[in-house]
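*Asks:*
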Amino acid sequence: MRRIVHRDRDESTRKITRRALFMGGAMSAVVAVLGARLRYMQVDEADQYRTLAEENRISIRLIPPNRGQIFDRNGRLIAGNEQNYRVTITREDAGDVPEILHRLQRVIPLTDAELARTAEEVRKRSAFVSVVVADRISWDEMSRVAVNAPSLPGVTPEVGLSRIYPLDTDFAHIVGYVGPVSERDLAAQKNPDPLLQIPQFQIGKIGVETWMEDELRGQAGSKRIEVNAVGRVMRELDRVEGQPGADLHLTIDAEVQNFAQARLGGESASVVAIDVNTGDILAAASAPSFDPNLFVRGISYTDYAKLTENDHRPLSNKAVQGTYPPGSTFKIITALAALEAGVIDSESTVYCPGYYEIGGRRFHCWSRWGHGHMNLDGAMGKSCDVYFYDVSQRVGIDKIAEMGRRMGLGQRHDLPMSAIAEGVMPDKDWKRRSYDQEWRIGDTINASIGQGYVLASPLQLALMTARLASGRAVTPRLVKSIGGVEDTPPEPPMMDVNPALLRMVRHGMYTVSNKLGMTGYNSRIVDPAMTMAGKSGTSQVRNISAAERARGVIGNDDLPWNRRDHALFVGFAPYDAPKVAVACVVEHGGGGSTVAAPIVRDLLLRILTGKMPPLAAYPESQRARIQTALSEMSLRDFSALASATGVQGRA
Amino acid sequence: MSFLEYRIQTVPTGLRKALYLNWPLVLLLTSVCAVGWLMLYSVAGGDITVWAEPQMKRFVAGLSIMLVMAFIPIWFWRNISGVIYLGAVGLLVAVDVMGHVGMGAQRWLNLGFIMLQPSEVMKIALVMMLAAYYDWLPPNKVSHPLWVAVPLVLILLPVFLVMVQPDLGTAILLMGGGAVVMFCAGVSLWYFAVVLGAGVGLVTVVLASRGKSWQLLRDYQFKRIDTFLDPSTDPLGAGYHITQAKIALGSGGWTGRGFMQGTQSRLNFLPEKHTDFIFTVIAEELGFIGACSLLILYVLIIAFCIASAVQMKDRFAALVTLGIAASFFFLFAVNMLMVMGLAPVVGVPLPLVSYGGSAMMVLLTAFGIVQSAHVHRARDR
Numbered sequence: 000m001r002r003i004v005h006r007d008r009d010e011s012t013r014k015i016t017r018r019a020l021f022m023g024g025a026m027s028a029v030v031a032v033l034g035a036r037l038r039y040m041q042v043d044e045a046d047q048y049r050t051l052a053e054e055n056r057i058s059i060r061l062i063p064p065n066r067g068q069i070f071d072r073n074g075r076l077i078a079g080n081e082q083n084y085r086v087t088i089t090r091e092d093a094g095d096v097p098e099i100l101h102r103l104q105r106v107i108p109l110t111d112a113e114l115a116r117t118a119e120e121v122r123k124r125s126a127f128v129s130v131v132v133a134d135r136i137s138w139d140e141m142s143r144v145a146v147n148a149p150s151l152p153g154v155t156p157e158v159g160l161s162r163i164y165p166l167d168t169d170f171a172h173i174v175g176y177v178g179p180v181s182e183r184d185l186a187a188q189k190n191p192d193p194l195l196q197i198p199q200f201q202i203g204k205i206g207v208e209t210w211m212e213d214e215l216r217g218q219a220g221s222k223r224i225e226v227n228a229v230g231r232v233m234r235e236l237d238r239v240e241g242q243p244g245a246d247l248h249l250t251i252d253a254e255v256q257n258f259a260q261a262r263l264g265g266e267s268a269s270v271v272a273i274d275v276n277t278g279d280i281l282a283a284a285s286a287p288s289f290d291p292n293l294f295v296r297g298i299s300y301t302d303y304a305k306l307t308e309n310d311h312r313p314l315s316n317k318a319v320q321g322t323y324p325p326g327s328t329f330k331i332i333t334a335l336a337a338l339e340a341g342v343i344d345s346e347s348t349v350y351c352p353g354y355y356e357i358g359g360r361r362f363h364c365w366s367r368w369g370h371g372h373m374n375l376d377g378a379m380g381k382s383c384d385v386y387f388y389d390v391s392q393r394v395g396i397d398k399i400a401e402m403g404r405r406m407g408l409g410q411r412h413d414l415p416m417s418a419i420a421e422g423v424m425p426d427k428d429w430k431r432r433s434y435d436q437e438w439r440i441g442d443t444i445n446a447s448i449g450q451g452y453v454l455a456s457p458l459q460l461a462l463m464t465a466r467l468a469s470g471r472a473v474t475p476r477l478v479k480s481i482g483g484v485e486d487t488p489p490e491p492p493m494m495d496v497n498p499a500l501l502r503m504v505r506h507g508m509y510t511v512s513n514k515l516g517m518t519g520y521n522s523r524i525v526d527p528a529m530t531m532a533g534k535s536g537t538s539q540v541r542n543i544s545a546a547e548r549a550r551g552v553i554g555n556d557d558l559p560w561n562r563r564d565h566a567l568f569v570g571f572a573p574y575d576a577p578k579v580a581v582a583c584v585v586e587h588g589g590g591g592s593t594v595a596a597p598i599v600r601d602l603l604l605r606i607l608t609g610k611m612p613p614l615a616a617y618p619e620s621q622r623a624r625i626q627t628a629l630s631e632m633s634l635r636d637f638s639a640l641a642s643a644t645g646v647q648g649r650a
Numbered sequence: 000m001s002f003l004e005y006r007i008q009t010v011p012t013g014l015r016k017a018l019y020l021n022w023p024l025v026l027l028l029t030s031v032c033a034v035g036w037l038m039l040y041s042v043a044g045g046d047i048t049v050w051a052e053p054q055m056k057r058f059v060a061g062l063s064i065m066l067v068m069a070f071i072p073i074w075f076w077r078n079i080s081g082v083i084y085l086g087a088v089g090l091l092v093a094v095d096v097m098g099h100v101g102m103g104a105q106r107w108l109n110l111g112f113i114m115l116q117p118s119e120v121m122k123i124a125l126v127m128m129l130a131a132y133y134d135w136l137p138p139n140k141v142s143h144p145l146w147v148a149v150p151l152v153l154i155l156l157p158v159f160l161v162m163v164q165p166d167l168g169t170a171i172l173l174m175g176g177g178a179v180v181m182f183c184a185g186v187s188l189w190y191f192a193v194v195l196g197a198g199v200g201l202v203t204v205v206l207a208s209r210g211k212s213w214q215l216l217r218d219y220q221f222k223r224i225d226t227f228l229d230p231s232t233d234p235l236g237a238g239y240h241i242t243q244a245k246i247a248l249g250s251g252g253w254t255g256r257g258f259m260q261g262t263q264s265r266l267n268f269l270p271e272k273h274t275d276f277i278f279t280v281i282a283e284e285l286g287f288i289g290a291c292s293l294l295i296l297y298v299l300i301i302a303f304c305i306a307s308a309v310q311m312k313d314r315f316a317a318l319v320t321l322g323i324a325a326s327f328f329f330l331f332a333v334n335m336l337m338v339m340g341l342a343p344v345v346g347v348p349l350p351l352v353s354y355g356g357s358a359m360m361v362l363l364t365a366f367g368i369v370q371s372a373h374v375h376r377a378r379d380r
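As they're listed, the protein sequences go chains S and R.
Numbering-wise (numbering that gives the first Met the number 0), the first sequence opens with residue 0 and increments by one.
Numbering-wise (numbering that gives the first Met the number 0), the second sequence opens with residue 0 and increments by one.
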């Protein structure tokens, strides 16, 4: 049996071998055809195809669209496009590249390091690829290159568009800046726009430039061009124009923004102004700031280090991404929650001996001697802590937190800005989730005066004040129109809080700023048409140690800067028909009523009057000092700016 | 039971198998891949990270798989041929049902860590299945009509599934590979004559169906045929690929334009220059000498496979080696015919040279089986 299998096998393998060899023969025939065809095309017909290759001239290039411009609410240019000049070099036309670069160095200023970098780049690229030697050169330098063209073969002056921010530091945090497309940008996109592959193309890196990238970028056009075999453009055959990006108008008033930024000066601070009826953000300043134009041009290492090492954090947009314990400004929320729960009315009083005792612990009022019997107006006006400790124990944290969220705290408001903070509006459930601990009495005590776990951003505080002032559930808005189409939001609905209660708290804030002896009295506005109502806050950034308490209260001035208290103030005006709400935080500034309140007052006056604050609105005793202070502010000269940028305002 | 298993004592064992590998074949495969890396580097404009580097990494992975497979006895591969075939059919069905749509055709299956192209897997699976079938079938029955019908079904099932995708190129390659295994197994030549005649008839019918309600091919497929027959009718549209490819190829001359100096590829006249049309870049930049050298490398790979197959006494080993060699041959032959304007553009990559992980992995895996057959062949004492 096995032998038969064997013989059979031998016969069958011989058959396989025969057929395999036959197949090999057939394959050889095909290969011979391939070889012959290759020889025919590459050797016999080579000249003909070589000519065709030389004549092969139609190439399609993308035309980058003009990026949409960004304006303020009055049509003032914030981000525009500027023509810039650059010089490129092409190896095959230059011939001796180092020699040409050396000659170029005598025409325009170039460092040896730049030359070495260019030479290396030229060497790596193909002979006909042009490499940028110098970017953003002046018109003078450009003309000098053009005049010297005969002695600079392969060197071409070119014109391009690049982003410019004429209001430099004022809008650095809001609008952000653009930069070259990075590998990370490409990786982040599912279907990257072919435009992103164009060298020199720039996209938004932070702020509105990033978040509105799709609207701003526009659609690429294309052109069919005739090139010769080495890729030089001979002429344009036809072109399909692209769609330029949409222009944006922000809700911000550039002049107000400039005033706010200048008013903050060198402090590490931020201030946000909101229209209480529409939610339009009129100003959102964060100081210190930086010049976004540096980033567009490619910031130097030392400049960048200067920004990152500054303890005032100029790169951070404190208006939306900074979160602070709101301090006594939070008493607005505690009071509202208590009024709504019915545990107090505007006349019920609490006795303040200077401390509050519960569960064997003693919580101090900021005033060691106590305030005596306090009703709501008095407690707000003098910012009595004990009143709110007591009230908070009767309301409970969950109702306070619920009111805080209704007023806009503890949530991320959707705006086209980067790194918008959520803040913290703590309640029992939150603490269990975050710390896996039970809520304690002391936590409610701390939260009632905006300390402890509570964190809010200046934007949230401004929004809280706006909702209180108008009684409407406004949401913040930054973009007014896109491509000329007005983005009209529906009228904000009324808050679901009894308007009578809001009125009571507003009256408390009126007391703060307008009654003699109250915390905000010094920063009052005397013009009855623009009366301000507000609430100050001074929030601790450190725990007071037992040893410190024993030694007595240490003055803020004696502490190192970064351990001093934050100064806060929220306010709105006019009191009887509110228009604008402003919130200000000065990091480690000291007292809210002395440092932050004047800033809020000045900004409110600037917005309500539409010009520099009139001295008549200030108390008489302060006018001389304020006059000097206002005249010393370094404001931008917008009239000069308009004429300088007017030409390219609408390119 | 395999013929080999009677003579197991003549087969090398353990690490000694490494000495019996078909080392010239390994060297040839590496050389072809190296040509691919050079050209991918050139096509990317002197940037290694774009295509060349990922391709090298995949080669290292593929080579490792090939060597591991070579160490596994050939009868193991025969025994699991049926399972692999069924698995590949399953994958094809899966990709038809829920596959990822890329470039207008659903061909890819996303397995999370790798994008798998089941039609690639099917190319080996089919060859293995048919080889195993003829190993099992007594040689005197191969030409019996009933026993010819079985392999026909085995071939036409995946061909149908691939056509649905639609991927005409792969369908043709599958039929070619299957036919070669049947041919080598000794199926009567009459059958081939009949099929050839039917094929000619079918082409006539297909061409006649154009524009009728029962049109058998998609419009774009007809368009490819048109442009193949006369590329000059539409030089900037459908004929663009072929015209530009021929110009690139022809302008290479004897010695080419020089490495990284090809204007056709540099100026982006060539489409798909890193995948299907990479041979034109080779021809343009390295000339007739370069292109012929690559062709010779390919021919040597086939020659070594056939030489190895005729020494084998095991039917499965011989048939699978021949089938894989033939599939490999069809790949480069169809690709080259296509770019030289002798065949319509059907979207077949140049094996081991074109950029693409799935195809290269599958090819190196296939050569792993060829190596296994070579290592475990019966030797006379």
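Ideal Cβ positions, reconstructed from N, Cα and C, are used throughout, including at glycine.
Treat the numbers as computed from the prediction; the structure is a model and nothing was measured.
Expressed to the nearest angstrom, what Euclidean distance is found between the alpha-carbon atoms of R/Gly101 and S/Leu215?
*Replies:* Reading the second sequence from its first residue, position 102 is the one you call residue 101 of chain R. Reading the first sequence from its first residue, position 216 is the one you call residue 215 of chain S. Reliability of the predicted coordinates at R/Gly101 is poor, the pLDDT of 46 falling under 50, and no value is obtained from them.
*Asks:* Which stretch, first to last residue, makes up the beta strand (DSSP E) that contains R/Ser41?
*Replies:* Taking the second sequence and counting its residues from 1, the one referred to as residue 41 of chain R is at position 42. Segment 22 to 42 is the alpha helix (DSSP H) holding R/Ser41; no beta strand (DSSP E) there.
*Asks:* Would you mind telling me which residues of chain S sit closer than 8 angstroms to R/Trp253, beta carbon to beta carbon, in chain order?
*Replies:* Working through the second sequence from its first residue, we reach residue 253 of chain R at position 254. Those are Gln41, Val42, Ala45, listed as they occur along chain S.
*Asks:* Beta-carbon of R/Ile348 versus every beta-carbon of chain S: anything under 8 angstroms?
*Replies:* For this step, residue 348 of chain R is matched to residue 349 along the second sequence. The displayed chain sequence assigns Pro, not Ile, to residue 348 of chain R. Taking Cβ atoms only, chain S never reaches closer than 8 angstroms to R/Pro348, which makes this a no.
*Asks:* Less than 8 angstroms between the CB atoms is what I'm expecting for S/Ile332 and S/Ile399, so what's the real figure, rounded?
*Replies:* Stepping through the first sequence from its first residue, residue 332 of chain S is reached at position 333. Stepping through the first sequence from its first residue, residue 399 of chain S is reached at position 400. About 6 angstroms; that satisfies the 8 angstroms criterion.
*Asks:* Determine whether the Cβ of S/Ile15 lies closer than 8 angstroms to any Cβ atom of chain R.
*Replies:* Here residue 15 of chain S refers to the residue found at position 16 when the first sequence is read from its first residue. It does; some Cβ of chain R falls within 8 angstroms.
*Asks:* With a threshold of 7 angstroms, establish whether the CB of S/Phe571 neighbours any heavy atom of the ligand MG.
*Replies:* Among the components of this structure there are no ligands whatsoever, and the ligand MG is therefore not found.
*Asks:* When DSSP labels each residue in this structure, what does R/Leu125 get in the three-state scheme?
*Replies:* The residue given as residue 125 of chain R occupies position 126 in the second sequence. R/Leu125: helix per DSSP, three-state reduction.
*Asks:* Using DSSP bridges, identify the partner residues of R/Glu283.
*Replies:* Numbered from its first residue, the second sequence carries residue 283 of chain R at position 284. For R/Glu283, which the question treats as bridged, DSSP gives no partner whatsoever.
*Asks:* Here's the rule I'm using: 16 or more other beta-carbon atoms within 10 Å means buried, otherwise exposed. How should S/Asp389 be labelled?
*Replies:* Sequence index remark: in the first sequence, residue 389 of chain S carries index 390 (1-based). The residue in question, S/Asp389, is buried, as its Cβ has 16 or more Cβ neighbours within 10 Å.
*Asks:* Rounded to whole angstroms, what is the Cα-Cα separation between S/Ala337 and S/Ile396?
*Replies:* Start at 1 with the first residue of the first sequence, and residue 337 of chain S comes out as number 338. Start at 1 with the first residue of the first sequence, and residue 396 of chain S comes out as number 397. Taking the straight line from one Cα to the other gives about 10 angstroms.
*Asks:* Roughly how many whole angstroms lie between the Cα atoms of R/Trp253 and S/Ala52?
*Replies:* Reading the second sequence from its first residue, position 254 is the one you call residue 253 of chain R. Reading the first sequence from its first residue, position 53 is the one you call residue 52 of chain S. Taking the straight line from one Cα to the other gives about 16 angstroms.
*Asks:* Can you give me, in chain order, the residues of the segment 153 to 183 of chain R that have a beta carbon less than 8 angstroms from any beta carbon in chain S?
*Replies:* Those residues of the segment 153 to 183 of chain R that come within reach of chain S (Cβ to Cβ, closer than 8 angstroms) are Val179, Phe182, Cys183.
*Asks:* Cβ of S/Val453 within 8 angstroms of Cβ of S/Val394?
*Replies:* What you label residue 453 of chain S is simply residue 454 of the first sequence in a count that begins at 1. What you label residue 394 of chain S is simply residue 395 of the first sequence in a count that begins at 1. For S/Val453 and S/Val394, no; Cβs fall outside 8 angstroms.
*Asks:* Can you give, in chain order, each stretch of the alpha helix (DSSP H) that sits fully within the segment 105 to 166 of chain S and has at least 4 residues?
*Replies:* Here the runs fully enclosed are 111 to 123, 138 to 146.
*Asks:* List the residues of chain C that S/Arg439 touches, going by C-beta distances under 7 angstroms, in chain order.
*Replies:* Checking the listed chains, one finds no chain C in this structure; the protein chains it contains are S and R.
*Asks:* Measuring CB to CB, does R/Val126 end up less than 8 angstroms from R/Val180?
*Replies:* One-based indexing of the second sequence puts residue 126 of chain R at position 127. One-based indexing of the second sequence puts residue 180 of chain R at position 181. Yes; because the gap between Cβ atoms is below 8 angstroms, this pair is in contact.
*Asks:* Do the CB positions of S/Ala446 and S/Asp526 come within less than 8 angstroms of each other?
*Replies:* Position 447 of the first sequence, counted from the start, is the residue given in the question as residue 446 of chain S. Position 527 of the first sequence, counted from the start, is the residue given in the question as residue 526 of chain S. Taking 8 angstroms as the Cβ cut-off, S/Ala446 and S/Asp526 do not qualify as a contacting pair.
*Asks:* Check whether the segment 40 to 49 of chain R touches the segment 358 to 369 of chain R, taking contact to mean three or more Cβ pairs, one atom from each stretch, closer than 8 angstroms.
*Replies:* No contact exists between the segment 40 to 49 of chain R and the segment 358 to 369 of chain R.
*Asks:* If you reduce the DSSP assignment to three classes, tell me which class R/Gly103 lands in.
*Replies:* Residue 103 of chain R sits at position 104 when you count from the first residue of the second sequence. Confidence at R/Gly103 is low in this model, with a pLDDT of 43, below 50, so its placement is unreliable and the value that follows should be read with caution. In the structure shown, R/Gly103 sits in coil (DSSP, three-state: anything other than H, G, I, E or B).
*Asks:* Which value, in whole angstroms, describes the spacing of the CA atoms of R/Leu362 and R/Ile323?
*Replies:* Residue numbering aside, residue 362 of chain R sits at position 363 when the second sequence is read from its first letter. Residue numbering aside, residue 323 of chain R sits at position 324 when the second sequence is read from its first letter. Roughly 9 angstroms between the two C-alpha positions.
*Asks:* According to DSSP, what are the bridge partners of S/Tyr350?
*Replies:* The sequence position of residue 350 of chain S within the first sequence is 351, counting from 1. Partner(s): S/His372.
*Asks:* Suppose you measure from the CA of S/Pro287 to the CA of S/Arg102; what does that come to, to the nearest Å?
*Replies:* Mapped onto the first sequence, residue 287 of chain S falls at position 288. Mapped onto the first sequence, residue 102 of chain S falls at position 103. C-alpha separation (whole angstroms): 43 angstroms.
*Asks:* Check each candidate in S/Ile136, S/Ser150, S/Ala115, S/Tyr617 and name the one with the smallest Cα separation from S/Asp92.
*Replies:* The residue labelled residue 92 of chain S in the question sits at position 93 within the first sequence. Ranking S/Ile136, S/Ser150, S/Ala115, S/Tyr617 by Cα distance to S/Asp92 puts S/Ser150 first.
*Asks:* What is the C-beta distance between S/Leu166 and S/Leu477, in whole angstroms, given that I count them as a contact (C-beta under 8 angstroms)?
*Replies:* Residue 166 of chain S sits at position 167 when you count from the first residue of the first sequence. Residue 477 of chain S sits at position 478 when you count from the first residue of the first sequence. The Cβ separation is near 16 angstroms, so there is no contact.
*Asks:* Tell me which residue opens and which closes the beta strand (DSSP E) that R/Phe329 is part of.
*Replies:* Your numbering for residue 329 of chain R matches position 330 in the second sequence. Run containing R/Phe329: none in the beta strand (DSSP E); it sits in the alpha helix (DSSP H), 314 to 338.
*Asks:* Within a Cβ cutoff of 8 angstroms, which residues of the same chain sit near R/Leu153, ignoring the five residues on either side of it in sequence?
*Replies:* Reading the second sequence from its first residue, position 154 is the one you call residue 153 of chain R. Taken in chain order, the residues that qualify are Tyr84, Leu125, Met128, Leu129, Tyr132, Gly177.
*Asks:* What's the C-alpha gap between S/Thr487 and S/Glu421?
*Replies:* Here residue 487 of chain S refers to the residue found at position 488 of the first sequence. Here residue 421 of chain S refers to the residue found at position 422 of the first sequence. The straight-line gap from Cα to Cα measures roughly 25 angstroms.
*Asks:* Which residue marks the beginning of the alpha helix (DSSP H) containing S/Thr333, and which one marks its end?
*Replies:* In the first sequence, the residue the question calls residue 333 of chain S occupies position 334. It spans 330 to 340 - the alpha helix (DSSP H) in which S/Thr333 sits, taken as one unbroken run.
*Asks:* What do you reckon, are the CB atoms on R/Ser41 and R/Phe258 nearer than 8 angstroms?
*Replies:* Working through the second sequence from its first residue, we reach residue 41 of chain R at position 42. Working through the second sequence from its first residue, we reach residue 258 of chain R at position 259. In contact: R/Ser41 and R/Phe258 (Cβ atoms closer than 8 angstroms).
*Asks:* Under three-state DSSP, which class holds R/Glu52?
*Replies:* Here residue 52 of chain R refers to the residue found at position 53 of the second sequence. Of the three classes helix, strand and coil, the one that applies to R/Glu52 here is helix, per DSSP.
*Asks:* Taking only three categories from DSSP, how would you classify R/Pro150?
*Replies:* Here the question's residue 150 of chain R lines up with position 151 in the second sequence. Three-state result, R/Pro150: helix.
*Asks:* Can you list, in chain order, the stretches of the beta strand (DSSP E) that have 3 or more residues and sit fully within the segment 265 to 337 of chain S?
*Replies:* Whole beta strand (DSSP E) segments, 3+ residues: 268 to 274, 280 to 286.
*Asks:* Express the C-alpha separation of S/Ile15 and R/Leu318 in angstroms, rounding to a whole number.
*Replies:* For the purposes of this step, residue 318 of chain R is identified with residue 319 of the second sequence, where counting begins at 1. For the purposes of this step, residue 15 of chain S is identified with residue 16 of the first sequence, where counting begins at 1. Rounded to whole angstroms, R/Leu318 to S/Ile15 spans 8 angstroms at the Cα level.
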